[in-house]
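Just below is one structure, and these are the notes that go with it.
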Amino acid sequence: MSCAVPDFHGFCGYDARVQSQLAPATGLAGSQAKVRGNSRSDCPAARRAVSDGGDRKVKDKRVLLFFPSYRSIEAAPPLALLALAPIAEQRGLTVDIIDSTIEPRFRERIIDQLDDAVCVGISIVTGPMIVEAIEVARAVKAARPDVPVVLGGWHPSTLAEQSLSAPYIDVVVRGQGELTFGEILDKLLAGATLDGVQGCSYRNAEGRIVHNPPRRTVNISELPAKAYHLVDLEPYAALSRRRWVYYTSSHGCPYDCSFCSNASLYGRAWNALPADRVVAEAVELVRRFRLDLLDIVDDNFLVDRQRGVDIAQGFIRSGLKFDWCIQTTANFLLRSSDADVRLMRQSGLSRVFIGAESGSDDVLRSVNKVRFQGTSVLYQVAEKCHDADIRCTFSLIFALPGETDADQRQTLAMIRDIKGRFPNTEFHSNIYTPYPGAPNFKRALEMGLREPQSLEEWAEFYPKFQRLPWVDEKRHQRIQRMRDYIRIAYGMEAVRRRSRLRNAANHLLAPIARARLDAHTYGLPVELWALKGLSRVKNALGFQNVRTHIVQS
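According to my numbering, the sequence shown is numbered sequentially starting from -8.
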């Protein structure tokens, strides 16, 4: 299913509605201990990192975990790093998480702490996040060549060889990262080689790239709870204008949508935390941070219907009042009875994200989705959510290989029809991004996609701004404008609360946007220009300069 948030494997278990988020996360710490054993590390940077202070205590060292911004104002603590942090803390290390979303001086902060660092860990997905990852990795190697840079996440998990070809990357964590990262820390602290660490790739002393065997994915119940105790929520709350965090209660999805790269790392297995643990952890988070929203970013929350009901009942018993939202497929939600759905609404479930992808069954068939979630199912689930007063948010993907103008018109007709019948339904859209590891990536290559050949080239791989080979320039511009008008006419309510001025502008322009979509007329988009002008005025007046304010206050 398409996610509204970032997934982070390698250093994670999932983050965010971007590729957006979530499998296990990532966390790094700082520490160093006596060098134990006779087998020295064959990763040159790692060997130097542990050779100059072997008699220092572990507690004097730290691991730096860096999370590059994915350019979202709907900011939340990085789940990927919070998942790894307990692994480092179990070894007596200090964990420092640096998230550039809220830390404009992220590079300086990392460089200032390198003297005590065992390593610097970075978690990324394919696309713009790579820009800051490269910036930090290069800065680390320039300042302290002896400090290993460890890269994890969706992208390096799929392209480990290419990622390690960058001279500023020393180690790659492939797939589920918690246990692998823990063993890497053990090896670094002992001065031992990385040989035998499953799920790990690295460059050895001779400069040769070594790929150790893969690691078996473990059940989410076997992993420690994420390190939310390290989070200062206030900067995120200031940026998003509400108090919320991401949370994962399960891993994986049983389906094989051809645009999704989940299976390349997790297979088709689904496993989950028991309902009582989810309730206990969620209640603790709501109380600790005074949350008004808990965003459960599982790939498919409702695979186990009864577990969903038990979680809702636990939330009700807690007596706490908070909103929560989930991601699932429409067919799993339809298995729930009307009474179950009303119970979940009573417990605070306010929104369900569903990857609709298209209003054309031909397109859904091409991505292996029509067999369990055709367009008729989308109408049914929209009605079910509407009757229970739950906001149903459908995500759409335009420019999939083989999609025609007629398919797009069917999608627009479905949007108009569903929204007219079930007003609390929302839509948001993306342009198809061919991700390495996804089944139809090969088809994209066959259709003319030029695969980036380096980490630097992947940083610029963002079809929102770059044309796909099967979409000419004129059609690309039309799709972009169509998406803009969908956002105005039928778009979802963002986690970050809009200003009254922006809400008023959207309300005023929505009828015009709907008329344009109905007529398929996107020339001279004066409405879009007006909104962009409004944003520039707000920026000039300082209303958007949130990150600077956070740091200065």
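Note that beta-carbon positions come from the ideal geometry of N, C-alpha and C, so glycine has one too. Values in this document were obtained by computation on a predicted structure and should not be read as measured data.
Note down the Cα distance separating residue 179 from residue 96, rounded to an integer number of angstroms. 28 Å
Quick check: what's the CA-CA separation for residue 232 versus residue 92? 14 Å
Buried or exposed for residue 368, going by 16 or more other Cβ atoms inside 10 Å? Label assigned to residue 368: buried.
Check each candidate in 359, 514, 522, 515 and name the one with the smallest Cα separation from residue 499. 522
Would residue 121 and residue 142 be called neighbours here (beta carbons separated by less than 7 Å)? At a Cβ-Cβ threshold of 7 Å, residue 121 and residue 142 do not count as neighbours.
Where does residue 323 fall in DSSP's three states? helix
Contact between the segment 466 to 479 and the segment 137 to 152 is defined here as three or more beta-carbon pairs at a separation below 8 Å; is this criterion met? no
Determine whether the beta carbon atoms of residue 335 and residue 373 lie at a separation below 7 Å. In this structure, residue 373 does not lie closer than 7 Å to residue 335 by Cβ.
Examine the ligand ATP and report whether any of its heavy atoms sits within less than 6 Å of the Cβ of residue 122. Judged by which ligands are present, the structure shown has none, so any question about the ligand ATP falls away.
What is the residue span of the alpha helix (DSSP H) that residue 278 lies within? 266 to 280
If you follow the beta strand (DSSP E) that residue 286 is part of, which residue opens it and which one closes it? 284 to 287
With C-beta atoms as the reference, is residue 113 less than 7 Å away from residue 172? no
CB-CB length for residue 424 against residue 377, believed under 8 Å: Between the beta-carbon of residue 424 and that of residue 377 there is about 31 Å, and that puts the pair past the 8 Å contact cut.
Quick one: what's got a C-beta closer than 7 Å to residue 314's C-beta in the same chain, skipping five residues either side? A distance below 7 Å between beta-carbons, with the five flanking residues on each side excluded, links residue 314 to the following residues of its chain, in chain order: 283, 284, 339, 341.
Quick one: using the 10 Å Cβ neighbour count with 16 as the cut-off for buried, is residue 527 buried or exposed? Residue 527 is classed as exposed because its beta carbon has fewer than 16 other beta carbons within 10 Å across all chains shown.
Starting from residue 100 and walking both ways along the beta strand (DSSP E), at which residues does that stretch end? Per DSSP, residue 100 belongs to no beta strand (DSSP E); it is in the alpha helix (DSSP H), 97 to 103.
Distance between residue 259 and residue 247 (C-alpha atoms, nearest Å): Answer to the nearest angstrom: the Cα atoms are 7 Å apart.
If contacts are defined as beta-carbon pairs under 8 Å, then residue 222 and residue 191 qualify, I think. What distance do you get, rounded to the angstrom? Contact flag wrong, Cβ pair sits at about 28 Å.
Around the Cβ of residue 204, are there at least 16 other Cβ atoms within 10 angstroms (buried) or fewer (exposed)? It is exposed - the Cβ of residue 204 has fewer than 16 other Cβ atoms within 10 Å.
Using the beta-carbon count (16 or more within 10 Å), is residue 13 buried or exposed? Unreliable placement is indicated for residue 13, whose pLDDT of 34 sits below 50; the coordinate value is still reported in the next sentence. The residue is buried, with at least 16 neighbouring Cβ atoms inside 10 Å.
With a floor of 4 residues, list each alpha helix (DSSP H) that falls wholly inside the segment 390 to 426, ordered by position along the chain. 396 to 412
Determine the contact status of residue 281 and residue 234, defining contact as a CB-CB distance below 7 Å. yes
Measuring CB atoms only, is the segment 342 to 351 touching the segment 381 to 392, in the sense that at least three cross pairs come out at less than 8 Å? yes
Three or more C-beta pairs below 8 Å linking the segment 501 to 516 and the segment 450 to 463: no
Give the straight-line distance between the Cα atoms of residue 72 and residue 445, rounded to the nearest whole angstrom. 25 Å
Considering residue 235, what are the terminal residues of the beta strand (DSSP E) in which it resides? 235 to 238
Would you say residue 227 and residue 74 are within 7 Å of each other, going by their C-beta atoms? no
Go through the segment 99 to 156 residue by residue and report every complete run of the alpha helix (DSSP H) that reaches 4 residues or more, in order. 120 to 134, 145 to 149, 151 to 155
Among 138, 371, 146, 128, nearest to residue 117 - alpha-carbon criterion: 146
Do you know whose CA, among 195, 439, 357, 277, lies nearest residue 139's CA? 195
Would residue 289 and residue 240 be called neighbours here (beta carbons separated by less than 7 Å)? yes
Within 10 Å of its beta-carbon, does residue 337 have 16 or more other beta-carbons around it, so buried, or fewer, so exposed? So residue 337 ends up on the exposed side.
Give the secondary structure of residue 318 by DSSP, where H, G and I count as helix, E and B as strand, and everything else as coil. strand
Just verifying my parser: in three-state terms, what is the DSSP assignment at residue 526? helix
Segment limits, alpha helix (DSSP H) that includes residue 329: Boundaries of the alpha helix (DSSP H) around residue 329: 329 to 337.
Beta-carbon proximity check, residue 343 vs residue 379, cutoff 7 Å: no
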